[in-house]
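All remarks here apply to the structure that follows.
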Amino acid sequence: MKIGWYEKIKHAIRYWLLRQLPPCKQTVEVISQSFERELSLRERVILKLHLWICAWCQWYLEHLQIMRNSMREKGLEGPEIDFPAAPTLSSEARERIKRQLTGEKD
Amino acid sequence: MSEAHSKSPNQSPDAVVWLEQHGDYLFKYAIFRLRDPTAAEDAVQETFLAALKAYGKFEGRGSERTWLVGILKHKITDHFRRSTREAPIGEGEDDGPEHAEFFTRTDEWEHHWNKDYAPTDWHATPAQLLEQGDFWRVFSDCLSPLPERTASAFALREVDGLTSEEICEALGITVNNLWVMLHRARLHLRNCLELNWFRRQTDGQ
Chain A
1 MKIGWYEKIK HAIRYWLLRQ LPPCKQTVEV ISQSFERELS LRERVILKLH LWICAWCQWY
61 LEHLQIMRNS MREKGLEGPE IDFPAAPTLS SEARERIKRQ LTGEKD
Chain B
1 MSEAHSKSPN QSPDAVVWLE QHGDYLFKYA IFRLRDPTAA EDAVQETFLA ALKAYGKFEG
61 RGSERTWLVG ILKHKITDHF RRSTREAPIG EGEDDGPEHA EFFTRTDEWE HHWNKDYAPT
121 DWHATPAQLL EQGDFWRVFS DCLSPLPERT ASAFALREVD GLTSEEICEA LGITVNNLWV
181 MLHRARLHLR NCLELNWFRR QTDGQ
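If you're matching them up, the sequences are chains A and B in order. Heads up, the first sequence is in the numbering used here, so the first residue is 1 and it goes up one at a time. Heads up, the second sequence is in the numbering used here, so the first residue is 1 and it goes up one at a time.
Here is the structure:
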């Protein structure tokens, strides 16, 4: 019974809060901007509150972090991405560059 | 002249060796960013020519490849700068899909996540993803439907780690413009990865 009441109140607070705060569509824009600039205090507080009640936006933030960190690592390690269309320099391009390189010296 | 480090200070036979050793690597790097084989070939060629001219400045600090990649990054940025000049940004130009369907439009929860598109647990860390070659193939497929400028801005920011100012200067866009592009790219890419990689991974297990 006690837990039931507690859950009900918590749910009511969250529901009320979610109605007061900017919706997810705007929140994900702020999340994206938090990767680009320092958020204002007001923005940070609103974002924190939204994240407190919205698991979906929490995942969104985490996914952007995973994407950024893995891409940065990938960039350092070397992008050994398979590009089936053109995996290597074509022999024509290779010859052309070779001619340019040796031609430069004459 | 730092003769201690350069094997042959007066000639550059190294250039052709470079092409053999690093040509394909640089090409892959370039095509990942430029997505156009001809532009990538040009960037590689310009890189080698610039490297040849600047060889005196390469004092053997770090590897040759790192040095060459550094030059290539400049050439890639130059490419974007040029193509921006040729096609100045139009008002309301396509910055990428808006994906309005990701959020509900009706009922009391307007503009909150649409359940069908809402993020879920990925059960993954960056370290794990780096080891999965297939993930990066999906990744590059997911980037391809984005407009070129948006994809370029996104890669320059997230892969090369350029600052907002550097990207805006190179692409000739305003910072607000850049933020819209990055936001659209992230929204699109996150969803595409979730659908085509993460949900399939959990389904398979």
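For every residue, glycine included, the Cβ atom is placed at its ideal position computed from N, Cα and C.
CB contact check: residue i to chain A, cutoff 8 Å
i        : result
B/Ser164 : yes
B/Val138 : no
B/Gly161 : yes
B/Glu91  : In this prediction, B/Glu91 has a pLDDT of 44, which is less than 50 and means its spatial position is unreliable; what the coordinates show is noted afterwards. Taking Cβ atoms only, chain A never reaches closer than 8 Å to B/Glu91, which makes this a no.
B/Pro126 : yes
B/Arg149 : no
B/Arg190 : yes
B/Leu195 : no
B/Phe80  : no
B/Trp67  : no
B/Leu156 : no
Candidates the options, of which the one nearest residue i by Cα
i        : options                                  : result
B/Ala51  : B/Ala39, B/Glu41, B/Leu68 and B/Thr38    : B/Leu68
B/His74  : B/His99, B/Glu169 and B/Glu148           : B/Glu169
B/Ala43  : B/Gly62, B/Thr77, B/Thr66 and B/Arg65    : B/Thr77
B/Asp121 : A/His63, A/Val45, A/Met67 and A/Cys24    : A/His63
B/Gln45  : B/Glu110, B/His188, B/Leu72 and B/Lys57  : B/Leu72
B/Ala39  : B/Lys53, B/Ser63, B/Arg82 and B/Ala15    : B/Arg82
B/Arg65  : B/Ser164, B/His22 and B/Ala151           : B/His22
A/Trp28  : B/Glu98, B/His79 and B/Leu49             : Reading the sequence as shown, one finds Val at residue 28 of chain A and not Trp. Among B/Glu98, B/His79 and B/Leu49, the Cα nearest to that of A/Val28 belongs to B/Glu98.
B/His188 : B/Ala54, B/Ala124 and B/Phe154           : B/Phe154
B/Asp36  : A/Arg99, A/Ile97, A/Leu89 and A/Lys98    : A/Leu89
A/Cys129 : A/Tyr15, A/Gln20 and A/Val30             : The structure shown does not extend to residue 129 of chain A, since chain A is modelled only from 1 to 106, so the question has no answer here.
B/Lys28  : A/Glu95, A/Lys74 and A/Arg96             : A/Lys74
B/Cys192 : B/Asp116, B/Glu108, B/Gly56 and B/Leu26  : B/Asp116
B/Phe198 : B/Lys57, B/Leu156, B/Asp134 and B/Thr174 : B/Asp134
Per-residue contacts from residue i into chain B (C-beta, under 7 Å)
i        : result
A/Trp108 : This structure leaves residue 108 of chain A out entirely; chain A is present only between 1 and 106.
A/Gln20  : What A/Gln20 touches in chain B: nothing, since even the nearest Cβ is about 13 Å away.
Proximity test, Cβ basis, 8 Å: residue i and chain B
i        : result
A/Ile59  : Reading the sequence as shown, one finds Trp at residue 59 of chain A and not Ile. It does; some Cβ of chain B falls within 8 Å.
A/Asp41  : Contrary to the premise, residue 41 of chain A reads as Leu rather than Asp in this sequence. Output row for A/Leu41: interface = no.
A/Ile66  : yes
A/Leu89  : yes
A/Trp16  : no
A/Gly4   : no
A/Asp82  : For A/Asp82, the pLDDT reaches just 46, beneath the cut-off of 50, and the residue's location in the model is therefore unreliable, although a value from the coordinates is still provided. It does: the Cβ of A/Asp82 has a partner Cβ on chain B nearer than 8 Å.
A/Ser34  : no
A/Glu110 : Outside the displayed range of chain A (1 to 106) lies residue 110 of chain A, so it cannot be described from this structure.
A/Glu73  : yes
A/Ala86  : Below a pLDDT of 50, predicted positions are generally treated as unreliable, and A/Ala86, at 46, falls in that range; no measurement from the model is reported.
Chain B contact residues for residue i, given Cβ-Cβ distances below 9 Å
i       : result
A/His50 : In chain order: nothing, as chain B lies at least about 10 Å away.
A/Lys10 : Result: empty, since nearest Cβ-Cβ is about 19 Å, beyond 9 Å.
A/Arg44 : In chain order: nothing, as chain B lies at least about 17 Å away.
Residues that residue i contacts on chain A, provided the C-beta gap is smaller than 8 Å
i        : result
B/Gln21  : Per Cβ cutoff of 8 Å: no residues; B/Gln21 is ~12 Å from chain A at best.
B/Ala54  : Going along chain A, no residue has its Cβ under 8 Å from B/Ala54, so there is no contact; the nearest lies around 12 Å.
B/Leu171 : Near B/Leu171 there are no residues of chain A at all, since even the closest Cβ is about 15 Å away, more than 8 Å.
Under 7 Å from the C-beta of residue i: neighbouring residues of chain A
i        : result
B/Ala236 : Missing from the structure shown is residue 236 of chain B; chain B here goes from 1 to 205 and no further.
B/Leu143 : Simply none; closest approach about 10 Å.
B/Phe48  : Ile97 and Leu101
B/Phe58  : None at all; the shortest Cβ gap to chain A is about 15 Å.
Where residue i meets chain A, residues with beta-carbon distance less than 9 Å
i        : result
B/Gln201 : Those within 9 Å of B/Gln201 in chain A number zero; the least Cβ separation is about 13 Å.
B/Arg105 : What B/Arg105 touches in chain A: nothing, since even the nearest Cβ is about 10 Å away.
Proximity below 8 Å, CB of residue i to CB of residue j
i        : j        : result
B/Gly161 : A/Arg72  : yes
A/Leu39  : A/Leu47  : yes
B/Gly96  : B/Ala185 : yes
A/Met67  : B/Arg190 : yes
A/Lys98  : B/Val17  : no
B/His123 : A/Ser32  : no
A/Leu17  : A/Leu49  : yes
B/Pro126 : A/Ser70  : yes
B/Glu110 : A/Pro23  : yes
B/Leu178 : B/Ser164 : yes
B/Glu41  : A/Ala93  : yes
CB contact below 8 Å: residue i versus chain C
i       : result
A/Glu29 : The structure shown contains no chain C; the protein chains it does contain are A and B.
8 Å Cβ cut-off: residues of chain B touching residue i
i       : result
A/Arg94 : Leu19 and Gly23
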